[in-house]
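Residue numbers (the working numbering): 4 to 274. Beta carbons are placed, not taken as given, at the ideal position from N, Cα and C, and that holds for glycine. Since the model is a prediction, treat every value here as computed from it, not as a measurement.
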Amino acid sequence: MKNSLPINSITNEDCLTFIPRLPDNSIDIIITDPPYAISKGKKLSMKNVGKLSGFGGDWDIINEEWDLFSFEDYCILIEKVLTESYRVLKPTGTVFVCGTYHNIGIINYFALQANFNIINEIIWYKRNAFPNLTQKCLTASHENILWISKSNSWNYNYKSIKKAKYPFDNLKKENKQLRSVWDIPNNKEKDELAYREVFSDSSYWVKSQKPLRLIDRCLEITAKPGDIVADWFVGSGTTLISALNHSLPFIGCEANPKFVEVIKWRLNQRR
Ligand SMILES: C[S@@+](CC[C@H](N)C(=O)[O-])C[C@H]1O[C@@H](n2cnc3c(N)ncnc32)[C@H](O)[C@@H]1O
Numbered sequence: 004m005k006n007s008l009p010i011n012s013i014t015n016e017d018c019l020t021f022i023p024r025l026p027d028n029s030i031d032i033i034i035t036d037p038p039y040a041i042s043k044g045k046k047l048s049m050k051n052v053g054k055l056s057g058f059g060g061d062w063d064i065i066n067e068e069w070d071l072f073s074f075e076d077y078c079i080l081i082e083k084v085l086t087e088s089y090r091v092l093k094p095t096g097t098v099f100v101c102g103t104y105h106n107i108g109i110i111n112y113f114a115l116q117a118n119f120n121i122i123n124e125i126i127w128y129k130r131n132a133f134p135n136l137t138q139k140c141l142t143a144s145h146e147n148i149l150w151i152s153k154s155n156s157w158n159y160n161y162k163s164i165k166k167a168k169y170p171f172d173n174l175k176k177e178n179k180q181l182r183s184v185w186d187i188p189n190n191k192e193k194d195e196l197a198y199r200e201v202f203s204d205s206s207y208w209v210k211s212q213k214p215l216r217l218i219d220r221c222l223e224i225t226a227k228p229g230d231i232v233a234d235w236f237v238g239s240g241t242t243l244i245s246a247l248n249h250s251l252p253f254i255g256c257e258a259n260p261k262f263v264e265v266i267k268w269r270l271n272q273r274r
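And the structure:
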């Protein structure tokens, strides 16, 4: 027996047990940012790099317990999450899955296997990306977001998006179609990081926190009034905050109880 949707709440649980309890065909938009499986289980060093002049950023290295997977276990996670996402999505719904070049191929493969239609791969161009410390390869300056649908009939807010002007995005001009490369700086507003003052223990900080304006744009291109937005890997709460700011009902799941405290605090600040 499937439960009804826990609207406007965050559940502290493994999403592999949470999603299966949700009813079929019940969610309009899923925006989710699973582990990337890129942590190596050891500390990265800035030794020998010296001072990086011109890079004023405040970067966090992703080296988290929750990101450690064998290749096989990671494939199992992504396969289950995408298969269940397909089941709970309404026929007109769409899903945005965040990734990088390390894992987006796996996401793409299991999305096709779950019967999703690939609408676009969005390249999030990060002009202030973390500099390359190894000096052995290119400086990775983008992440990927796969936008997928359950059928050929999904909502795209074409007119409003074409009209939109994003002052920080050098690739989007007013009254021009939105391209699949989004120029969105990875800076967070003061407000988005305010929780770090309240939860000063850094184990409460989500190192892979997405900027709100990235998730805002995902919602702005596809959301209609009343659409239900879900995220299975909520982290610091970016998707839920964006849904709240757009007056959309949401449901969220996050396995780490510390992050759930952060999410509840951030949501309460806005309610
Ligand atoms: C990449 S982070 C998400 C960051 C988020 N988009 C943000 O802006 O803060 C992935 C999150 O998934 C959580 N997580 C990992 N495995 C999980 C699972 N099986 N079920 C639910 N949450 C999980 C981690 O604790 C982490 O917070």
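Within the segment 112-151, no run of alpha helix (DSSP H) at least 4 residues long lies entirely inside it.
For Val265, the secondary structure class from DSSP, reduced to helix, strand or coil, is helix. In this structure, Glu124 is the residue among Glu124, Val263, Ile30 and Asn131 with its C-alpha nearest to the C-alpha of Ile148. Taking a 10 Å sphere around the C-beta of Lys193, we find fewer than 16 other C-beta atoms and assign the residue as exposed. Contact annotation: the segment 165-182 does not touch the segment 233-244, with fewer than three C-beta pairs closer than 8 Å.
For Leu222, the enclosing alpha helix (DSSP H) starts and ends at Leu215 to Thr225.
Looking at Phe72, Thr142 and Ile126, the one whose alpha-carbon comes closest to that of Ile187 is Ile126.
By the beta-carbon neighbour count (other beta carbons within 10 angstroms, threshold 16), Ser163 is exposed. Distance from the CA of Tyr104 to the CA of Glu146, rounded to the nearest whole angstrom, comes to 7 Å. The beta-carbon separation of Val84 and Cys18, rounded to 7 Å, stays under the 8 Å limit for a contact. Taking each of Thr241, Gly238 and Ala246 in turn and checking the Cα distance to Pro228, the smallest one comes out for Ala246. Around the beta carbon of Ile266, a 10 Å sphere encloses 16 or more other beta carbons of the protein chains shown; the residue is thus reported as buried. Beta-bridge analysis with DSSP links Ser12 to Ile254.
In this structure, Trp208 lies away from Tyr128, with their beta-carbon atoms at least 8 Å apart. One Cα belongs to Phe262, the other to Ser154, and the distance between them is close to 34 Å. The criterion of a C-beta distance shorter than 8 Å is not satisfied by Leu217 and Ile13. If you look at Lys162, you'll find it isn't in any beta strand (DSSP E); it sits in the alpha helix (DSSP H) that goes Tyr161 to Lys166.
In this structure, Gly102 sits away from Ile32, with a CB-CB distance that is not shorter than 8 Å. Each of Lys175, Asp172 and Ile151 was checked against the Cα of Leu92, and the nearest Cα belongs to Ile151.
Per DSSP, reduced to three states, the secondary structure at Val100 is strand. Per DSSP, reduced to three states, the secondary structure at Trp185 is strand. For Tyr161, the number of other beta carbons within 10 angstroms of its own is below 16, and it is reported as exposed. Look at Val209 here: in three-state DSSP terms it is coil, with no helix or strand label.
DSSP lists Ile32 and Phe253 as the bridge partner or partners of Val232. Looking at the backbone, the Cα of Val100 and that of Asp36 are separated by about 6 Å. Taking 7 Å as the cut-off, one finds at least one heavy atom of ligand 1 near enough to the beta carbon of Leu19. The C-alpha of Trp157 is placed about 19 Å away from the C-alpha of Thr86.
Linking Thr137 to Ala143 through their CA atoms gives a straight-line distance of about 12 Å.
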